[in-house]
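Input: a single structure, listed below in C-alpha cells.
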C-alpha cells in the first residue's frame with residue numbers, strides 16, 4: 001500500500017521518527033568510536049549498516065531528499081572503510097554534520113512544515129565532494145509528477161498516423177525546428193527565434209502526434225520556448241542544451257513513432273523543461289496551464305520557506321544553542337578576564353596569554369560545528385592576534401588588546417542574536433510573524449553593508465560641508481574614522497581589494513587634509529567624490545550579489 005505523502009499527512013513520520021533518531025544516534029556513536037579507534041573497522045561497518053536502515057525508513061515515508069542524503073552518507077562511510085577518501089578528517093566531519101542536521105530537519109517536517117529537500121543540497125554535495133563525485137544541481141531534487149494527465153490544451157491528433165507518414169512529416173518539421181534553433185543559438189536577443197520553435201513544436205503536436213508522451217514533450221517544450229520569447233526566462237546555456245535534446249527527441253520520434261515514445265519516454269528531458277517553466281516569470285495561459293497541471297507552485301518554496309528550512313538544518317536549533325552558548329560564553333569570559341588582568345599588571349609577560357589560545361580554539365571549533373561562519377572567523381583572527389603577542393611577534397599595546405576584547409563581545413552578541421531569532425519560530429503559525437534570515441552570512445552581510453552605507457553617506461556629507469565652508473579642515477576630522485569602520489567591515493567579509501582602496505582614501509584625508517591642512521585642487525576633490533561614490537556602488541552591488549563588481553574597483557583605482 002502506498003503511504004500518503006508527508007506534506008499531506010505527517011502521521012507517517014510520527015510513526016518512525018523515534019526509530020530514525022535512535023538509528024542515527026547509533027550511527028553517530030559508531031562513527032565517533034571509529035574515529036577514536038580506526039583499527040576497528042567493524043565500527044564503521046556498523047555505522048554504514050545503521051545508515052542503510054535509516055535510508056530504507058525515509059524512502060518508505062517518501063522523504064526522498066533526506067533519503068538521498070542518507071544514501072550519500074552510507075556511500076561515504078563505505079568509502080572511508082575502503083580507504084578511498086583522500087581527506088579522511090573532512091569525511092568524518094561531513095558525515096558527522098549529516099547525522100546532527102538531519103534529525104533537526106525531520107523534526108521540522110514532523111511539526112507540519114513543508115518538506116523542502118532543496119535546502120539539503122549543500123550537505124548532499126559536501127558528502128559527494130568527499131568521494132570526488134560530480135556535484136548535483138538543485139534540479140536534482142525537483143520531482144514533479146511526470147505521469148500527470150494532460151489537459152485539453154495539450155491535445156493532438158485523435159488517432160496515430162501511419163509510421164511512414166509520421167516519419168515524413170516529423171522530419172520535415174524537424175528541419176524547420178533546426179533552422180530556428182540555429183538562428184537562436186547565433187543570436188539570443190531575437191525573440192522571434194524561440195517563438196518560431198514554439199510554433200514548430202505546436203505543429204508537431206497538433207498535426208503529427210497522438211500519443212501521450214510525444215504530446216507531453218512538445219507541449220511543455222513549446223511552453224519553455226514561449227517563456228524565453230517573452231523574456232520571462234533567460235536564454236541560458238542550460239536552456240539551449242535542453243532544446244538541443246528536444247531536437248534529438250524529434251529525430252527519435254520520427255524513427256520509433258508513437259509506440260517507441262510511449263514505451264521509452266524522455267522523462268529527464270521533460271523534468272528539465274518543467275524545472276525552467278517553474279522558474280520562469282511568464283503569465284501566459286499556456287505556461288500557467290503547465291504550472292497547474294504539474295503543481296509546480298508547490299514544488300518551488302518561497303524565500304521565507306527556504307530560509308526557515310535552512311535554519312532547521314544549520315545546527316541552529318534552540319535547544320542545542322542554549323546548551324552550547326553557555327559553554328562558549330564561559331570560555332570567552334575567561335579570555336576577556338585574562339586580557340583585563342594582563343592590561344592591569346605592572347609587570348607584563350606576553351607568554352601568559354598562551355593559555356587563552358586553547359580556549360579560543362575550542363570556541364572556534366564549536367562555532368564551526370554550529371555553522372556560525374562569521375563569528376568563527378572573528379574568533380580565528382583574534383586567536384592569531386593573541387598568539388602573535390604571546391610569541392613576541394606583535395606589541396602588546398592596550399589598543400590591540402581592547403580591539404580583541406571588543407571583537408569577542410561581537411561574537412557573544414551574534415550568538416545571542418541567533419538564539420533570540422530561533423526561539424521566536426518554534427511555535428506553530430509563527431512563520432509569517434517572524435522574518436528569518438536566508439542564511440547567517442547573508443544576515444551579517446546585510447547588517448554590515450547597512451552600517452557601511454550609513455558611514456559613506458556621512459563621509460560624503462562631510463566632504464560637501466568641507467567644500468562649502470569653504471575649506472574648514474575640522475569638517476573632515478571624522479572622515480578617517482568613518483571610513484576605517486567601513487574598511488574593517490570589508491575585511492571581515494573578505495573584500496580585501498575594496499578595503500585596500502578605502503585605506504587609500506583614508507591616507508589622502510589624513511595626510512593631505514588633516515596633517516598638512518592643504519586646500520585640495522578641484523581635480524582632487526572630484527577624485528575623492530568619485531572614489532566614495534564608487535565604493536558606495538560597490539557595496540550596493542555586493543549586497544545584491546550583482547556581477548562585475550571587480551570592474552567597479554578597477555575603474556576607481
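Numbering (the numbering used here), first residue to last: 1 to 557.
Ideal placement from N, C-alpha and C gives every residue a C-beta, glycine not left out.
Exercise. What do you get for residue 193, buried or exposed, if any count of 16 or more other CB atoms within 10 angstroms of its CB means buried?
Worked result: Here residue 193 corresponds to residue number 193 of the chain shown, with the count starting at 1. Label assigned to residue 193: buried.
Exercise. To the nearest angstrom, how far is it from the Cα of residue 346 to the Cα of residue 80?
Worked result: In the chain shown, the residue the question calls residue 346 occupies position 346. In the chain shown, the residue the question calls residue 80 occupies position 80. C-alpha separation (whole angstroms): 54 angstroms.
Exercise. Leaving out five residues before and five after residue 455 in sequence, what residues of the same chain have Cβ atoms less than 6 angstroms from its Cβ?
Worked result: The residue labelled residue 455 in the question sits at position 455 within the chain shown. 482, 485, 486.
For this session: Could you spell out the range, first to last residue, of the alpha helix (DSSP H) harbouring residue 235?
Result: If you number the chain shown from 1, residue 235 lands on position 235. No alpha helix (DSSP H) holds residue 235; DSSP gives it neither H nor E.
For this session: Using beta-carbon positions only, say whether residue 214 and residue 261 come within less than 7 angstroms of one another.
Result: Counted from its first residue, the chain shown places residue 214 at position 214. Counted from its first residue, the chain shown places residue 261 at position 261. Result yes, Cβ atoms of residue 214 and residue 261 sit closer than 7 angstroms.
For this session: Would you please state the rounded distance, in angstroms, between the beta carbons of residue 167 and residue 84? I believe it to be under 8 angstroms.
Result: Counting from 1 along the chain shown, the entry for residue 167 is found at position 167. Counting from 1 along the chain shown, the entry for residue 84 is found at position 84. The Cβ separation is near 49 angstroms, so there is no contact.
Exercise. What are the start and end residues of the alpha helix (DSSP H) that includes residue 105?
Worked result: If you number the chain shown from 1, residue 105 lands on position 105. Taken as a continuous stretch (DSSP letters only), the alpha helix (DSSP H) holding residue 105 covers 88 to 110.
Exercise. Is residue 233 closer than 7 angstroms to residue 280 when the C-beta atoms are compared?
Worked result: Here the question's residue 280 lines up with position 280 in the chain shown. Here the question's residue 233 lines up with position 233 in the chain shown. Yes, the Cβ-Cβ distance between residue 280 and residue 233 is below 7 angstroms.
Exercise. What number of angstroms, rounded off, separates the C-alpha of residue 432 from the C-alpha of residue 31?
Worked result: Taking the chain shown and counting its residues from 1, the one referred to as residue 432 is at position 432. Taking the chain shown and counting its residues from 1, the one referred to as residue 31 is at position 31. Bear in mind that the predicted position of residue 432 carries a pLDDT of just 33, short of 50, making it unreliable; the figure below should be weighed with that in mind. Between residue 432 and residue 31, the C-alpha separation is close to 39 angstroms.
For this session: Indicate whether residue 51 and residue 73 have their beta-carbon atoms separated by less than 7 angstroms.
Result: Taking the first residue of the chain shown as 1, we reach residue 51 at position 51. Taking the first residue of the chain shown as 1, we reach residue 73 at position 73. Result yes, Cβ atoms of residue 51 and residue 73 sit closer than 7 angstroms.
For this session: With a cut-off of 8 angstroms on the beta carbons, I'd call residue 150 and residue 216 a contact; round off their distance for me.
Result: As a first step, residue 150 is located in the chain shown; it is residue number 150 there, counting from the start. As a first step, residue 216 is located in the chain shown; it is residue number 216 there, counting from the start. Right, the Cβ-Cβ distance comes to about 6 angstroms (below 8 angstroms), so this counts as a contact.
Problem set entry | Candidates 475, 121, 530: closest to residue 502 by CA position | Within the chain shown, residue 502 is the residue found at index 502, counting from 1. It is 530.
Exercise. Where does residue 437 sit, in a helix, a strand or coil, going by DSSP?
Worked result: Within the chain shown, numbered from 1, the residue matching residue 437 stands at position 437. The predicted position of residue 437 is uncertain, since its pLDDT is 35 and thus under 50; no value can be drawn from it.
Exercise. Which same chain residues, not among the five before or five after residue 76, have their C-beta less than 8 angstroms away from its C-beta?
Worked result: Here residue 76 corresponds to residue number 76 of the chain shown, with the count starting at 1. These residues qualify, in order along the chain: 85, 91, 94, 95, 127, 130, 131.
For this session: From the DSSP output, in three-state form, read off residue 70 for me.
Result: Here residue 70 is taken as the residue at index 70 of the chain shown, counted from 1. Three-state result, residue 70: helix.
Problem set entry | Contacts around residue 41, its chain only, beta-carbon distance under 7 angstroms, and the 5 residues preceding and following it disregarded | Stepping through the chain shown from its first residue, residue 41 is reached at position 41. Here the set comprises 81.
Exercise. Pick from 26, 17, 87: whose alpha carbon is nearest that of residue 66?
Worked result: The residue you call residue 66 lines up with position 66 of the chain shown. For residue 66, the nearest C-alpha among the options comes from 17.
For this session: In angstroms with no decimal places, state the Cα-to-Cα distance between residue 316 and residue 190.
Result: For the purposes of this step, residue 316 is taken as residue 316 along the chain shown, with counting starting at 1. For the purposes of this step, residue 190 is taken as residue 190 along the chain shown, with counting starting at 1. Any reading at residue 316 is ruled out, since the residue's pLDDT is 49, under 50, leaving its predicted position unreliable.
Problem set entry | Assumed close pair residue 273, residue 242 - CB separation to whole angstroms, cut-off 8 angstroms | Along the chain shown, one-based indexing puts residue 273 at 273. Along the chain shown, one-based indexing puts residue 242 at 242. Confirmed, about 6 angstroms.
Exercise. In whole angstroms, what separates the C-alpha of residue 349 from that of residue 380?
Worked result: As a first step, residue 349 must be located in the chain shown, where it is residue number 349. As a first step, residue 380 must be located in the chain shown, where it is residue number 380. Cα to Cα, residue 349 sits roughly 22 angstroms from residue 380.
For this session: Using 10 angstroms around the beta-carbon of residue 549, count the other beta-carbons present and answer buried if the total reaches 16, otherwise exposed.
Result: Translated into positions along the chain shown, residue 549 becomes position 549. Flag for residue 549 reads buried.
Problem set entry | Where residue 10 sits in the DSSP three-state scheme | Taking the first residue of the chain shown as 1, we reach residue 10 at position 10. Confidence at residue 10 is low in this model, with a pLDDT of 45, below 50, so its placement is unreliable and the value that follows should be read with caution. Reduced to three states, the DSSP call for residue 10 is coil.
Problem set entry | Distance, residue 258 Cα to residue 159 Cα | Sequence index remark: in the chain shown, residue 159 carries index 159 (1-based). Sequence index remark: in the chain shown, residue 258 carries index 258 (1-based). Taking the straight line from one Cα to the other gives about 10 angstroms.
Problem set entry | Nearest to residue 207 (by Cα), restricted to the options 249, 282, 162, 247 | Translated into the one-based positions of the chain shown, residue 207 becomes position 207. Out of 249, 282, 162, 247, 162 has the C-alpha closest to the C-alpha of residue 207.
Exercise. Nearest-angstrom Cα distance between residue 539 and residue 458?
Worked result: In the chain shown, the residue the question calls residue 539 occupies position 539. In the chain shown, the residue the question calls residue 458 occupies position 458. Those two C-alpha atoms are separated by around 15 angstroms.
Exercise. What number of angstroms, rounded off, separates the C-alpha of residue 143 from the C-alpha of residue 25?
Worked result: In the chain shown, counting from the first residue as 1, residue 143 sits at position 143. In the chain shown, counting from the first residue as 1, residue 25 sits at position 25. Going by the C-alpha atoms only, they are around 29 angstroms apart.
Problem set entry | Cβ neighbours of residue 327 in the same chain (closer than 8 angstroms, five flanking residues each side left out) | On the chain shown, position 327 is the one that residue 327 refers to. Hits under 8 angstroms: 366.
For this session: Assign residue 554 to buried or exposed, taking buried as 16 or more other Cβ atoms, counted over all protein chains shown, within 10 Å of its Cβ.
Result: For the purposes of this step, residue 554 is taken as residue 554 along the chain shown, with counting starting at 1. Result: exposed.
Problem set entry | Proximity below 7 angstroms, CB of residue 336 to CB of residue 401 | Here residue 336 is taken as the residue at index 336 of the chain shown, counted from 1. Here residue 401 is taken as the residue at index 401 of the chain shown, counted from 1. No, the pair does not count as a contact, with Cβ atoms beyond the cut-off.
Exercise. In terms of residues, what are the limits of the alpha helix (DSSP H) holding residue 126?
Worked result: In the chain shown, counting from the first residue as 1, residue 126 sits at position 126. Start and end: 121 to 130.
For this session: Might you give, ordered along the chain, the residues of its own chain that have their beta carbon closer than 7 angstroms to the beta carbon of residue 467, omitting 5 neighbours on each side?
Result: Position 467 of the chain shown, counted from the first residue, corresponds to residue 467. For residue 467, where only same-chain residues beyond five positions count, the Cβ hits under 7 angstroms are 525.
For this session: Check residue 52 in the structure and name its three-state DSSP category.
Result: Here residue 52 refers to the residue found at position 52 when the chain shown is read from its first residue. It is helical.
Exercise. Quick one: is the Cβ of residue 251 within less than 6 angstroms of any heavy atom of the ligand NAP?
Worked result: Within the structure as shown, the ligand NAP is missing, as the structure has no ligands at all.
For this session: Less than 8 angstroms between the CB atoms is what I'm expecting for residue 536 and residue 465, so what's the real figure, rounded?
Result: Translated into the one-based positions of the chain shown, residue 536 becomes position 536. Translated into the one-based positions of the chain shown, residue 465 becomes position 465. The pair is not a contact, with the Cβ atoms about 18 angstroms apart (cut-off 8 angstroms).
Exercise. Of all the options 499, 362, 247, which has the alpha carbon lying nearest to the alpha carbon of residue 266?
Worked result: Here residue 266 refers to the residue found at position 266 when the chain shown is read from its first residue. The option with the nearest alpha carbon to residue 266 is 247.
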